[in-house]
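908 is the number that this note's numbering gives to position 11 of the sequence shown; each next residue is one higher, with no gaps. Each residue gets a CB set at the ideal place from its N, CA and C atoms; glycine is no exception. See structure below.
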Amino acid sequence: MPLNMPMLLTWIRIVLIPLVVGVYFLPDTLMTVDMQNWVGAWIFVVAAVTDAFDGYLARRWNQTSAFGAFLDPVADKLMVGAALIVLVDLNRIGPFIALIIIGREITISALREWMASIGARNSVAVNSLGKLKTIAQMVAIPMLLADSSWMGIDLAFLGTLLIYVAAVLTVWSMCYYLMKAWPSIREKS
């Protein structure tokens, strides 16, 4: 496993996951609830920024690797999944929304793995709909973690709207990927 800047950014994202979760379980004597919300949100933002840069840098600097291609989406799914579980625990989103998003990630990851095993991975490659879903999630989650107002903007309300948009895009993109894979599924089953 080569340790280069893109891989280091992916590992930093993985290390930040327990920090995002852990900050919400600190005693009130160490950190107020408001401070927990802001610190958790900012840790998530830092992790999300590493996600935006690691793949870009790997391609730009020609530092891609099979392990990096495996680890990057795993880190993304762990980060989003952990944050959604925290948000459910804090009653900031409903469990059904978390189930939709996490369930889709597991389903599409398995589908991509299966499609790769039959030599048809490109038919379920990431498209703009999936990227739009990811952007909606990555903007909504820190707003919901912050659960506050900023410059007169109700982040909790806006985050709730965006997480619903992300859930709709999640279902839509899952249907899209399943339809793209359907001919292979029918042929191989």
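Leu1041 places its beta carbon less than 8 angstroms from that of Ile1060.
The criterion of a C-beta distance shorter than 8 angstroms is satisfied by Asn934 and Ser1045. Looking at Arg1009, Leu1029 and Leu913, the one whose alpha-carbon comes closest to that of Ala980 is Leu913.
In the structure shown, the three-state DSSP call for Asp1044 is coil. Asp951 places its beta carbon less than 8 angstroms from that of Leu906. A direct Cα-Cα distance of roughly 11 angstroms separates Gly919 from Ile940. Per DSSP, Phe964 is one residue of the alpha helix (DSSP H) stretching across Ala963 to Asp986. Cα atoms of Pro924 and Trp958: separation of roughly 43 angstroms, rounded to the nearest angstrom. With respect to the C-alpha of Val917, the residue from Glu1002, Glu1010, Ala945 and Met904 having the closest C-alpha is Ala945. Of all alpha-carbon atoms in Ser1070, Ala966, Met904 and Leu987, the one lying nearest the alpha-carbon of Gly1000 is that of Ser1070. Looking at the backbone, the Cα of Val943 and that of Arg1083 are separated by about 42 angstroms. Annotation: the continuous alpha helix (DSSP H) that includes Gly919 extends over Met902 to Gly919. Under the DSSP definition of a beta bridge, Asp1051 partners with Ser1046. The residue from Leu1052, Pro1039, Leu996 and Tyr1073 with its alpha-carbon nearest to that of Lys1028 is Tyr1073.
The beta-carbon separation of Met1012 and Ala966, rounded to 15 angstroms, does not stay under the 8 angstroms limit for a contact.
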